Ligand code: HEC
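Numbering (this note's numbering), first residue to last: 34 to 277.
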């Protein structure tokens with residue numbers, strides 16, 4: 034009688050292969066820890082406060098409307114040039130809403146042409162921000178944050194790199210002895226979390242609230258990866274299957 038087909042489990046692999054798997058998983062675990070520390074070092078304090086906060090993430094991807102050059106200028110030294118105080122709110126609101134060109138043509142250009150462009154034009158003062166046309170104004174009204182090319186660059190490196198790591202971790206994790214339905218879902222979770230994380234970078238660029246999704250999906254990826262690593266290490270060395 035033919036034996037039923039059985040997939041490989043940790044009890045089927047050699048000790049050398051277990052050792053190789055173990056050093057690989059431990060190295061990946063250490064690398065992930067370093068990546069976390071690196072993330073704190075590079076992104077903390079953007080909001081002026083030490084430590085990594087959701088506000089730091091918002092500023093990194095979305096930018097901060099409070100920190101535009103135009104916003105601080107009309108809140109500060111350029112304010113006296115405004116003929117009407119109420120125009121300050123109009124300009125700040127426009128910056129807050131993303132400094133779009135339609136709003137510029139409608140509400141902003143008339144104010145600037147009246148109060149600002151006699152100094153702020155390239156003929157008069159080439160060293161000052163040129164406020165005579167949208168592109169010049171947009172340059173100082175830009176809220177910062179990540180640029181699209183920068184996000185594309187980081188995400189392609191991230192996706193290539195992490196996909197390999199998750200694949201190898203998952204390949205080892207598949208040797209665990211556990212409910213197959215749980216396992217099928219467990220191998221997919223870190224990939225989904227990674228894709229959601231990268232996608233939410235792009236969305237956060239436009240919608241600041243998505244910074245929470247960046248954090249949660251990043252945490253989910255780390256957590257699911259960690260569970261796969263720990264469970265694999267445990268089963269590899271300490272678990273004896275009762276069936277065999
Ligand atoms: C009398 C001339 C004059 C007028 C009118 C004027 N500015 Fe200025 N503006 C300047 C000068 C000079 C500077 C450079 C100040 C400095 O670098 O200390 C400047 C700087 C700026 C800057 C750049 C600040 C930075 O980050 O370097 C912005 C933005 C700005 N002005 C906006 C405006 C707006 C908006 C108005 C109209 C409400 C306006 N300015 C009206 C002369 C003017």
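Backbone N, C-alpha and C define an ideal beta-carbon position, used for all residues, glycine too. Predicted model only: the values in this text are computed from it and were never measured.
query                                                                                                : result
Residue burial classification, residue 94 (beta-carbon count within 10 angstroms, cutoff 16)         : buried
Any non-hydrogen atom of the ligand HEC closer than 7 Å to residue 217 Cβ                            : no
7 Å CB neighbourhood of residue 121 in its chain, flanking five on each side removed                 : 107, 112 and 115
Distance between residue 44 and residue 272 (C-alpha atoms, nearest Å)                               : 9 Å
Reference residue 90; option with closest CA among 244, 68 and 200                                   : 244
Short Cβ contact (8 Å threshold) for residue 166 with residue 231                                    : no
Rounded separation between residue 277 and residue 224 - CA only                                     : Confidence is the limiting factor: at residue 277 the pLDDT is only 49, short of 50, which leaves the residue's position unreliable, though a coordinate-based value still follows. Going from the Cα of residue 277 to the Cα of residue 224 covers about 33 Å.
Local Cβ density within 10 Å of residue 178, reported as buried at 16 or more and exposed below that : buried
C-alpha distance - residue 250 paired with residue 62, whole-angstrom precision                      : 18 Å
Burial state of residue 176, where buried means 16 or more other Cβ atoms lie within 10 Å            : buried
First through last residue of the alpha helix (DSSP H) which encompasses residue 182                 : 181-206
As assigned by DSSP and simplified to three states, the class of residue 238                         : helix
Distance cut-off 7 Å: residue 211 Cβ against heavy atoms of the ligand HEC                           : no
Local conformation of residue 143 per DSSP, three classes                                            : helix
For residue 152 and residue 100, the rounded distance between their alpha carbons                    : 23 Å
Cα-Cα separation between residue 46 and residue 217, rounded to whole angstroms                      : 21 Å
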